[in-house]
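S.K.: Below: one structure in structure tokens.
Next comes the structure, spelled out in structure tokens:
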């Protein structure tokens with residue numbers, strides 16, 4: 031927590047605070063230009079984000095504090111918020127959701143008790159006005175004793191005003207601190223409710239089509255059929271379009287144009303031998319280093335983020351959580367954990383980070399185990415489709431069924447083995463809305479950029495490692511050494527030990543080398559199951575150390591390797607009986 | 005009667021809530037009148053309407069919230 035301690039102690043700073051999911055991160059991005067993760071559900075900002083805001087030529091620290099409902103320090107997010115409140119900030123920008131003024135005012139009044147210069151932003155006024163909620167801004171200013179700026183942050187409305195008002199606050203003489211007595215929760219609620227009644231008038235309006243749809247999606251019927259249709263459509267888009275992109279555009283380009291071209295050029299300058307093989311041979315860096323990441327993995331990653339970002343911004347994901355709560359609570363976690371699980375199908379790293387918003391340690395650990403053991407990331411999915419998709423769709427489906435069984439078994443086991451209790455679901459369901467185009471594409475761009483840095487680099491290193499081990503003969507020696515395991519127990523060819531070596535670096539690298547080995551059906555299946563269970567990848571081990579501790583990371587790493595080899599072998603031995 | 009006994013479209017006033025911080029933070033408190041939006045099958049959560057907002061509450065907690073119709 032040194033990072034927090036440092037940010038807390040820095041001198042001049044402005045805090046951005048408010049309830050979860052009121053648009054703080056949007057405002058933060060608009061004021062600082064910094065790229066931040068934004069979604070339409072509570073708890074997207076799980077740690078704080080710090081940047082600089084330029085006011086009258088002066089740069090001041092600006093901090094996006096995670097959203098909280100109160101300042102009681104009952105969760106990690108609230109702890110962070112309280113720490114910042116007590117660090118003597120210069121000013122606070124408090125964001126209020128105009129569609130739910132009362133609850134937002136309760137926190138606002140609690141913050142106001144600290145006697146720090148404040149500025150209120152009444153966000154989402156377009157939505158509240160459409161819902162027939164009218165707020166008297168002048169009256170609200172009088173009640174709160176500070177400036178209130180109406181805003182529609184995603185559409186840049188009110189942003190300039192916030193900047194002007196902040197400059198004005200900073201120029202003002204600091205008033206001497208009067209310590210007000212802290213009000214009890216009951217008093218705060220009463221004040222919030224009184225102010226709301228005074229400043230707000232509501233007229234009943236007909237619900238618009240999105241609101242009606244939003245209601246329908248959380249009714250068992252038609253909510254569950256809608257969820258099934260949405261999930262199937264998403265799957266179809268990612269797998270179907272991904273496969274089309276790969277086999278009709280990217281792969282022909284690589285195999286028919288790029289590879290011959292590269293091989294030709296390299297052959298002119300480099301004599302046949304180890305070096306040429308390392309560059310353009312079977313596992314040539316210049317060949318596989320391009321083909322694997324760009325043709326086999328990238329289309330699926332791009333499409334996955336295209337879909338999941340849309341679902342996130344629309345506010346649909348928590349609705350799946352509500353519908354799945356009855357099922358998930360039998361596995362020891364609550365419906366809200368559906369979001370990290372779904373994110374895990376993209377990449378385990380952000381998924382594990384997002385479990386921070388879980389309400390208990392136990393739940394965090396169970397969800398992390400489900401992701402680490404049983405949920406293949408999108409890169410690995412791409413690799414599975416490359417290996418199995420053309421050979422047998424049924425086999426591909428079987429791998430996902432096994433994955434599903436693993437998830438259930440792991441959560442059941444973890445629920446029993448880990449002490450403590452998980453909390454039942456209590457969540458606010460966000461309004462359904464059509465994602466704002468600009469911020470949607472910004473998010474997509476940001477995620478693809480992350481993928482290029484965080485995934486392509488290790489993947490390239492993996493390919494380089496593969497080329498070197500294969501071409502220098504190291505692989506043959508290692509293979510001989512673990513031959514009993516790979517050949518006798520798993521029934522795979524000797525060279526498959528390459529998968530086990532590379533799989534430690536990246537999840538899909540446990541699968542991709544198998545593409546070059548002319549495997550039979552059983553071998554492909556065994557290889558896939560081993561890869562599915564196998565250690566989630568170095569980045570995940572690193573994030574497990576960061577979020578939990580070294581012991582947890584090593585235990586998960588070891589347990590995944592052991593279960594991969596055990597179950598892969600069992601499937602092979604059973605399979606052999608039938609061949 | 006507990007909140008979990010109610011069904012779709014029922015209205016009630018909350019008499020007492022268990023000591024779960026998140027409930028109060030979300031604005032669910034004694035004396036509040038609310039409408040049930042719907043109830044998920046197989047022991048799923050119950051969904052309340054609070055102003056223009058919807059809040060889902062798991063069965064185990066809904067059973068500890070006492071209400072009056």
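Residue numbers (my numbering), protein chains in the order written: chain A, 31 to 609; chain B, 5 to 73. Where a beta carbon is used, it is the ideal one built from N, C-alpha and C, also for glycine. Here the structure is a predicted model, which is why all the values come from computation and not from measurement.
1) When the cut-off is 7 Å and only beta carbons count, does residue 11(B) lie next to chain A?
2) My guess is that residue 148(A) and residue 155(A) are in contact by the Cβ rule of under 8 Å, so how many angstroms apart are they, rounded?
3) In three-state DSSP terms, what is residue 173(A)?
4) Would DSSP call residue 379(A) helix, strand or coil?
5) Got a sec? Which residues, its chain only, sit under 8 Å from residue 455(A) by beta carbon, not counting five neighbours each side?
6) Using three-state DSSP, classify residue 199(A) as helix, strand or coil.
7) Which bits of chain A does residue 33(B) rub up against, with CB to CB less than 9 Å?
8) Tell me where the beta strand (DSSP E) around residue 15(B) begins and ends.
9) From the beta carbon of residue 26(B), is the nearest beta carbon of chain A less than 7 Å away?
10) Smallest Cα separation from residue 321(A): which of 543(A), 554(A), 384(A), 79(A)?
11) Apply the 10 Å Cβ neighbour rule to residue 127(A) and answer buried if 16 or more other Cβ atoms are within range, or exposed otherwise.
12) Measure the alpha-carbon distance for residue 32(A) versus residue 291(A) and round it to whole angstroms.
13) Give the DSSP-derived three-state secondary structure of residue 101(A) in the structure shown.
14) Quick check on residue 293(A) - is its C-beta less than 7 Å from some C-beta in chain B?
15) Flag residue 107(A) as yes if its beta-carbon sits less than 7 Å from any beta-carbon of chain B, otherwise no.
16) Is residue 71(A) close to chain B, meaning its C-beta is less than 7 Å from at least one C-beta of that chain?
17) Are there 16 or more other CB atoms within 10 angstroms of the CB of residue 441(A), so buried, or fewer, so exposed?
18) Where does residue 161(A) land, buried or exposed, given buried means 16+ other C-beta within 10 angstroms?
19) For the putative contact between residue 226(A) and residue 163(A), defined by C-beta atoms under 8 Å, what is the C-beta separation to the nearest angstrom?
20) Do you know offhand how far residue 122(A)'s Cα is from residue 136(A)'s?
21) Is the shortest distance between the beta-carbon of residue 130(A) and the beta-carbons of chain B less than 7 Å?
22) Which residues does DSSP pair with residue 60(B) in a beta bridge?
23) On a Cα-Cα basis, can you pick out the residue from 38(B), 13(B), 21(B) that is closest to residue 64(B)?
24) Inspect the beta-carbon positions of residue 408(A) and residue 450(A) and report whether they are closer than 7 Å.
25) Between the segment 415–426 of chain A and the segment 489–507 of chain A, are three or more C-beta pairs nearer than 8 Å?
26) Ends of the beta strand (DSSP E) at residue 48(A)?
27) How many Å lie between residue 373(A) and residue 567(A) at the Cα?
28) Looking at the strands, I want to know which residues DSSP matches up with residue 230(A).
29) Provide the residue span of the beta strand (DSSP E) that contains residue 149(A), from first to last.
30) Between the segment 272–292 of chain A and the segment 402–417 of chain A, are three or more C-beta pairs nearer than 8 Å?
31) So, using beta-carbon positions, are residue 315(A) and residue 95(A) closer together than 7 Å?
32) Under a three-way DSSP split, which group does residue 72(B) fall into?
33) Just to confirm, are residue 386(A) and residue 248(A) a CB contact at a threshold of 7 Å?
34) Starting from the Cα of residue 448(A), find the closest Cα among 517(A), 222(A), 392(A), 295(A) and give me that residue.
35) I want to verify the contact list: residues of chain A whose CB lies under 7 Å from the CB of residue 77(B), in sequence order.
36) Could you tell me the alpha carbon to alpha carbon distance between residue 218(A) and residue 168(A), rounded to whole angstroms?
M.R.: Once the coordinates are examined:
1) For residue 11(B), no CB of chain A lies under 7 Å from its own CB, so it is not counted at the interface with that chain.
2) About 19 Å separates the two Cβ atoms, so there is no contact after all.
3) Looking at residue 173(A) - three-state DSSP - the assignment turns out to be helix.
4) Three-state DSSP puts residue 379(A) in a helix.
5) Only 351, 352, 355, 359, 364, 365, 366 meet the Cβ criterion.
6) Here DSSP, grouped into helix, strand and coil, assigns residue 199(A) to helix.
7) Against chain A, the beta carbon of residue 33(B) has neighbours under 9 Å at 215, 216, 219, listed in chain order.
8) Unbroken beta strand (DSSP E) run through residue 15(B): 15–20.
9) By this cut-off, residue 26(B) is an interface position.
10) Measuring from the Cα of residue 321(A), the nearest candidate turns out to be 543(A).
11) Classification of residue 127(A): buried, given that the 10 Å Cβ count is 16 or more.
12) Its pLDDT being 48, under 50, residue 32(A) is placed unreliably by the model, and the measurement read from it follows with that caveat. Take the alpha-carbon of residue 32(A) and the one of residue 291(A): they are about 52 Å apart.
13) Coil, per DSSP.
14) For residue 293(A), the nearest beta carbon of chain B is not closer than 7 Å to its own beta carbon.
15) For residue 107(A), the nearest beta carbon of chain B is not closer than 7 Å to its own beta carbon.
16) No - not a single Cβ of chain B is within 7 Å of the one on residue 71(A).
17) Answer is buried; the Cβ neighbour count reaches 16.
18) Sixteen is the threshold: when 16 or more other Cβ atoms of the shown chains lie within 10 Å of the Cβ of residue 161(A), as they do, the residue is buried.
19) A Cβ-Cβ distance of about 10 Å is found for the pair residue 226(A) and residue 163(A), leaving them out of contact under the 8 Å criterion.
20) Taken atom to atom, the span from the alpha-carbon of residue 122(A) to that of residue 136(A) is near 16 Å.
21) Closer than 7 Å: yes.
22) Per DSSP, 457(A), 51(B).
23) Closest by alpha carbon: 21(B).
24) In this structure, residue 450(A) does not lie closer than 7 Å to residue 408(A) by Cβ.
25) Contact fails: fewer than three Cβ-Cβ distances are below 8 Å.
26) Residue 48(A) -> beta strand (DSSP E) spans 43–48.
27) Taking the straight line joining both Cα atoms gives about 16 Å.
28) 165(A), per the DSSP bridge assignment.
29) In the DSSP annotation of this structure, the continuous segment of the beta strand (DSSP E) that includes residue 149(A) starts and ends at 148–153.
30) Touching, per the Cβ criterion.
31) By the CB criterion at 7 Å, residue 315(A) and residue 95(A) fall outside the cutoff.
32) Strand at residue 72(B).
33) It is not a contact, given that the beta carbons lie outside the stated cut-off.
34) Measuring from the Cα of residue 448(A), the nearest candidate turns out to be 392(A).
35) This structure gives no information on residue 77(B), because the portion of chain B shown stretches from 5 to 73.
36) Rounded to whole angstroms, residue 218(A) to residue 168(A) spans 21 Å at the Cα level.
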